[in-house]
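Residue 65 in this note's numbering sits at position 61 of the sequence shown; the count goes up by one each step and never skips.
Report on the structure given below.
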Amino acid sequence: KAVRSRPGEPDTAWYGNPPMLLADLRGEKADAAIINIQTAIDAYPFANEYKAWPGPNSNTFVAWIIRQVPELDVALPNISIGKDYLADGVFAKAPSGSGYQFSLNGYFGLMASIREGVELNILGLNIGVDPLALAVKLPGIGHIGLLDPWMDRSTWHKVPVMEQVSDAH
């Protein structure tokens with residue numbers, strides 16, 4: 005079996021690369037996500053398959069989970085080879101759910117999404133633009149831009165507010 009769900013140490017390095025936090029859920033939203041993530045793991049259509057390129061691979065798995073779990077508003081990095089391998093044909097919602105994607109088995113495709121921007125996939129390598137983050141996306145390099153692409157975009161227009169802490173005696 006290519007996919008296993010088991011207890012273990014989360015967030016470990018992958019080939020020497022440290023993990024990157026793409027989402028932070030808490031409270032009731034996290035509780036709902038946990039249930040939906042387990043359901044999505046159980047329904048993953050490629051549980052017995054693994055191909056490093058163009059997929060299905062670990063990035064295909066993560067993209068599948070994100071698409072199935074409405075609580076996850078996540079845009080995977082453009083350097084995640086395999087994220088564009090679709091389970092259900094050649095047309096699907098973008099992983100974030102904020103746009104759409106066309107893909108021919110991960111070899112060639114196009115995605116247009118508010119969260120991900122616009123990406124062209126050629127042989128699993130993505131090039132694109134992210135207008136909201138004022139960025140370009142380059143194969144093998146990733147995101148180069150003025151704003152953090154992983155930041156919660158719903159807060160970009162808000163002015164930071166300092167929280168006062170009172171010391172009650």
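Ideal Cβ positions, reconstructed from N, Cα and C, are used throughout, including at glycine.
Source: prediction; values computed, not measured.
_Helix, strand or coil for Lys97? Go by DSSP, reduced to three states._
Counted from its first residue, the sequence shown places residue 97 at position 93. Reduced to three states, the DSSP call for Lys97 is strand.
*What does Lys141 pair with, by DSSP beta-bridge criteria?*
Taking the sequence shown and counting its residues from 1, one reaches residue 141 at position 137. For Lys141, which the question treats as bridged, DSSP gives the partners Gly132, His147.
*Taking just the CA atoms, how far does Lys87 sit from Val66?*
Position 62 of the sequence shown, counting from 1, holds the residue named residue 66. Position 83 of the sequence shown, counting from 1, holds the residue named residue 87. The alpha-carbon atoms of Val66 and Lys87 are separated by roughly 7 Å.
*Using three-state DSSP, classify Trp68 as helix, strand or coil.*
Along the sequence shown, read from residue 1 onward, the residue named residue 68 stands at position 64. Looking at Trp68 - three-state DSSP - the assignment turns out to be helix.
*Enumerate in chain order the residues of its own chain whose CB-to-CB distance from Arg139 is below 8 Å, with the five nearest sequence positions on each side excluded.*
For the purposes of this step, residue 139 is taken as residue 135 along the sequence shown, with counting starting at 1. Correcting the residue type first, residue 139 is Ala in the shown sequence and not Arg. For Ala139, where only same-chain residues beyond five positions count, the Cβ hits under 8 Å are Gly121, Val133, His147, Ile148, Gly149, Leu150, Leu151, Pro153.
*asked:* Between the alpha carbons of Gly31 and Ala37, how many angstroms are there, rounded?
replied: Here the question's residue 31 lines up with position 27 in the sequence shown. Here the question's residue 37 lines up with position 33 in the sequence shown. Taking the straight line from one Cα to the other gives about 10 Å.
*Let me know if Met115 comes out buried or exposed under the rule of 16 or more other beta-carbons within 10 Å of its beta-carbon.*
If you number the sequence shown from 1, residue 115 lands on position 111. Buried: at least 16 other Cβ atoms inside 10 Å.
*Following the continuous beta strand (DSSP E) through Glu75, name the residue where it begins and the one where it ends.*
As a working mapping, residue 75 is identified with position 71 in the sequence shown. Boundaries cannot be given for Glu75, as no beta strand (DSSP E) includes it and DSSP labels it neither H nor E.
_Short of 8 Å in beta carbon distance, which residues of its chain neighbour Ser170, apart from the five on each side in sequence? Order them along the chain._
On the sequence shown, residue 170 is found 166 positions in, with the first residue counted as 1. Note that Ser170 scores a pLDDT of 36, beneath 50, so its modelled location is shaky; the value from the coordinates is reported in the next line. Around Ser170: no qualifying Cβ.
*Could you have a look at Glu53 and say whether DSSP puts it in helix, strand or coil?*
Translated into the one-based positions of the sequence shown, residue 53 becomes position 49. Glu53 falls in the coil class under three-state DSSP.
_Nearest-angstrom Cα separation, counted from Pro135 out to Ile45_ = Translated into positions along the sequence shown, residue 45 becomes position 41. Translated into positions along the sequence shown, residue 135 becomes position 131. For Ile45 and Pro135, the distance between alpha carbons rounds to 32 Å.
*Could you tell me if Tyr19 is buried or exposed, where buried requires 16 or more neighbouring beta carbons within 10 angstroms of its beta carbon?*
In the sequence shown, residue 19 corresponds to position 15, counting from 1. So Tyr19 ends up on the exposed side.
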